[in-house]
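J.:
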Amino acid sequence: MPFETAKAKPALSLESSPGASAYLAIRDLIYRTSGIYHPDEGLSVLITHCMHRTAALGASSPSQYLEHLTTRPNRAAELRLLLNEITVSETYLFRYPAQLDALRNVILPQILQVKGFVGPKCLRFWYAGCSTGEEPHTLAMFLLEEKERLLSGWTWDILATDLNDNSLETAGAGIYAEHALRATSDGMRRKYFKDVGDKKLQANDLLRAQIRFDRVNLSDDSQMLFQKRVDVIFCRNVLIYFDPASKRRVVQHFYSNLLPGGFLFLGCDESLFHEDDSFRLVHFSGATAYWKPAAAQAVGGRQ
Amino acid sequence: MNGKLSQLRAQIEQLDSLETAPAILKPLLDMMRLPSDQIKLEKVIELVSHDGAIAAQCLRMANSPLFGTRYIETVRSAVMALGLERVRSILLGLCMNRLLPQSTWVIAPDAFWRHSLGCALVAQRMAQRMAQRIEYPEPEKAYLAGLLHDLGFLVNSVLYTEDFRECLRCAAEQRAPLHVIEAQLLGFTHCDSGQLLCEHWGLSQEFVDAARCHHDASPLPVAGPLANLVRLSDLLCRVRHLGYGYDEIMGIDLRGDAAWQSLVTIYPALRDMDLVRFTLDIDGAMEQIVETVDSVFGAKSIASSTTN
């Protein structure tokens, strides 16, 4: 007699959930248009977001909400609202230690080895869509900490760009409340921040001097062509708002902005839908990135 | 190297502790090769009831909070509550767990089971995903191959206890792949000893190949799909904190990996498979896989089962 395999958690069972097919269609729509993917185990999160939007619209069922996303005249606006709901998350400094670990152990050693033979010993990093600057400040501290070790003899340039002037202003000031610094150690706080009262800390002159902030529109081809010879690009939860054709164009720009052997980091659940032909997905311990292959080079050392 | 392997083969053949594989291992392995809808419930219950420690473990798990509040006191209800997947994991795991006395385990048993069962579940998922595109009817085999691929650890633990301990220490310290350090310090790897043990136990060639080839970075078309699947699953587990108890320094390019290239050579229809989506799926499933592994072979349950 055959028998069923028990499930560990009676989490939201798709088969029994009303509107399952509508939610699966929404999952695929989100993946196709934004690259954000909700695996089966994470589907309940997506459903919660959809239910918020369904209630806000006064729609009566998942399939009716699907219509709002696909056939109604305001579908583009609704998709944007749903994506806002999905990606809403405040960020903080040192939020992605696995990414720094990958930089320290795999990516930078590999880039340094190639660049050590040719050209000036300078690294270029670009945060495309830097928001209020938590991530570029984290990278700057990380690089300063490696200055006497891995990066001895090297210089770097961090460009952080955004379209939103208010974000850029906040990022440039480098003032953060306690909440944004909750993963920042006391040692790092003492070394790179100063107290500006009101329970806030400001990046000191040394730290702020590491980053250039600028306004760049990723859809503006002339601005994009201008960014050259970059080693690592970070672009988190920005491309998801682009339509497929624009997204492809931005990704192609990124590809030519990068030096061969360079890397592109996206948001955690974000992907280049169906893997862009030119970039290669690379897995690191606890992180993923896209790699622009250099001729005759394999990624990632010993396996 | 060949001399070393002949020596190893002779040692394995003389090894008492590994020779006396538990009596239920063979029927169990035979049963696990069947697709799940052909497995007889009565047969499973018989195998579980055959062994007190295994029955106790099943009852303990079935009564854990993970499976609801109803009190379960028969092997039959426990097997039905746990489901085939967990029961066979318990059976196989405890079987192999008992091949060695606790004192000779060099690698932490829970790390070993996390990795082995993690690989089994990832390989099974990968096979299921592939089966949507190609004729690949054997996700059960993929599961088993994943579970058994690192049996060489057991051999190395018994025959070269101190040297293998040193390999693990060095590998963890350098965050390097274990097989690289084994090759340096032992002159052979757990792939070699795993292959020999699989042969000694009379496992079929596919399982022997999966044990032998899962760290080969050169193309493996001759080794067949299972070895390639297991290599990819092993890599995915190791970059998602399901390695040998430490995080290695590694970056893997699945599409560029020899094992994926071999699979595409064997099954050209896989060329268009959305590998990114698959790995995002696996990332999403990892938490559940870790939970399953811990519920089956958590450090606590291993410690208590060996005292039974």
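For the record, the sequence lines run as chains Z and L.
Okay, so the first sequence: first residue is 4 according to the working numbering, each after it adds one.
Okay, so the second sequence: first residue is 9 according to the working numbering, each after it adds one.
Think of the CB as a built atom: it goes at the ideal place given N, C-alpha and C, for glycine as much as any other residue.
Is F229/Z buried or exposed, if buried means 16 or more other CB atoms sit within 10 Å of its CB?
T.: Burial call: exposed.
J.: At which residue ranges does the stretch 157 to 243 of chain Z contain complete alpha helix (DSSP H) runs of 4 or more residues, listed in the order of the chain?
T.: Entirely contained in the stretch 157 to 243 of chain Z, the alpha helix (DSSP H) runs reaching 4 residues are, in chain order, 168 to 176, 189 to 195, 208 to 211, 224 to 229.
J.: Would you say W294/Z faces chain L, with C-beta separation under 8 Å as the test?
T.: With 8 Å as the cut-off, W294/Z counts as an interface residue toward chain L.
J.: Drop a sphere of 10 angstroms on the beta-carbon of G259/L, count the other beta-carbons inside from all chains shown, and report buried for 16 or more, exposed for fewer.
T.: Buried.
J.: Report back the beta-carbon spacing between C178/L and I189/L to the nearest angstrom; my notes put them in contact at under 8 Å.
T.: 5 Å between Cβ atoms; contact.
J.: At which residue ranges does the stretch 266 to 307 of chain L contain complete beta strand (DSSP E) runs of 3 or more residues, listed in the order of the chain?
T.: Taking only runs of at least 3 residues, no beta strand (DSSP E) segment lies wholly in the stretch 266 to 307 of chain L.
J.: Out of R218/Z, T187/Z, R78/Z, state which residue places its alpha-carbon closest to the alpha-carbon of L32/Z.
T.: Nearest C-alpha to L32/Z: R78/Z.
J.: Is the beta carbon of L69/Z less than 8 Å from the beta carbon of I29/Z?
T.: Yes; because the gap between Cβ atoms is below 8 Å, this pair is in contact.
J.: Under 7 Å, CB to CB, which of the residues in the stretch 69 to 80 of chain Z have a partner in chain L?
T.: Residues: none.
J.: Taking 8 Å as the threshold (C-beta atoms), are S134/Z and S170/Z in contact?
T.: Yes, Cβ-Cβ distance for S170/Z and S134/Z is below 8 Å.
J.: What did DSSP end up calling E273/Z once you bin it into helix, strand or coil?
T.: Here E273/Z sits in strand by DSSP.
J.: Return no unless some Cβ of chain L is closer than 8 Å to the Cβ of H286/Z.
T.: Taking Cβ atoms only, chain L reaches closer than 8 Å to H286/Z, which makes this a yes.
J.: Mind checking if D158/L is an interface residue toward chain Z, Cβ cutoff 8 Å exclusive?
T.: No - not a single Cβ of chain Z is within 8 Å of the one on D158/L.
J.: Quick one: Cα of R239/Z to Cα of T158/Z, how far?
T.: Between R239/Z and T158/Z, the C-alpha separation is close to 25 Å.
J.: Using C-beta distances below 6 Å, list every residue in its chain close to A150/L, excluding the 5 sequence neighbours before and after it, in chain order.
T.: Excluding positions up to five away in sequence, the list reads A131, Q132, A135, L237.
J.: Report the CB separation of V272/L from L278/L in whole angstroms; it is logged as a contact under 8 Å.
T.: Between L278/L and V272/L the Cβ distance is about 5 Å, and since that is below 8 Å, they are a contact.
J.: Could you work out which residues of chain Z lie near D368/L, taking near to mean beta carbons separated by less than 9 Å?
T.: Here chain L has residues from 9 to 316 only, and residue 368/L is not among them.
J.: Tell me the residue span of the beta strand (DSSP E) that contains C127/L.
T.: Looking at the DSSP string, C127/L is not in any beta strand (DSSP E); the run it does join, the alpha helix (DSSP H), is 117 to 139.
J.: List the DSSP bridge partners of R283/Z.
T.: Answer by DSSP bridge pairing, in chain order: W294/Z.
J.: Give me the residue from L129/L, W121/L, I62/L with the minimum Cα distance to Q296/L.
T.: Answer by Cα proximity: L129/L.
J.: Leaving out five residues on either side along the sequence, give the residues of the same chain with a beta carbon under 6 Å from the beta carbon of L67/L.
T.: Here the set comprises A86.
J.: Just grab the DSSP bridge partners of G259/L for me.
T.: Paired residues: F287/Z.
J.: Per DSSP, what kind of secondary structure is A131/Z in: helix, strand or coil?
T.: The answer is strand: DSSP assigns A131/Z an E or B state.
J.: Grab me the residues of A293/L's own chain with a C-beta within less than 7 Å of its C-beta, minus the 5 sequence neighbours each way, in chain order.
T.: R133.
J.: Run through DSSP, which three-state label would I29/Z get?
T.: In this structure, I29/Z counts as helix in the three-state DSSP scheme.
J.: What does A105/Z reach in chain L if we use C-beta pairs closer than 8 Å?
T.: By Cβ distance, chain L contributes G259.
J.: Considering P263/Z, what are the terminal residues of the beta strand (DSSP E) in which it resides?
T.: Segment 261 to 268, the beta strand (DSSP E) holding P263/Z.
J.: Using 8 Å as the threshold, is the C-beta distance between L86/Z and S47/Z below it?
T.: Cβ atoms of L86/Z and S47/Z: not closer than 8 Å.
J.: Would you check if the distance between the CB atom of L269/Z and the CB atom of R263/L is smaller than 8 Å?
T.: Not closer than 8 Å, so no.
J.: Check the Cβ of I109/Z against every Cβ in chain L and list those closer than 8 Å, keeping chain order.
T.: Reading off the sequence shown, one finds Val at residue 109/Z, where the question assumed Ile. Per Cβ cutoff of 8 Å: I257, M258, G259.
J.: Counting pairs of beta carbons, one from the stretch 252 to 266 of chain Z and one from the stretch 141 to 161 of chain Z, are three or more of them closer than 8 Å?
T.: With the cut-off at 8 Å, the stretch 252 to 266 of chain Z and the stretch 141 to 161 of chain Z do not touch.
J.: I believe A290/Z touches G264/Z by the beta-carbon criterion, under 8 Å. Please report the beta-carbon distance rounded to the nearest angstrom.
T.: With a Cβ gap of about 18 Å, A290/Z and G264/Z do not count as contacting.
J.: Could you tell me whether the stretch 116 to 128 of chain Z touches the stretch 168 to 182 of chain Z, where touching means 3 or more Cβ pairs closer than 8 Å?
T.: No contact exists between the stretch 116 to 128 of chain Z and the stretch 168 to 182 of chain Z.
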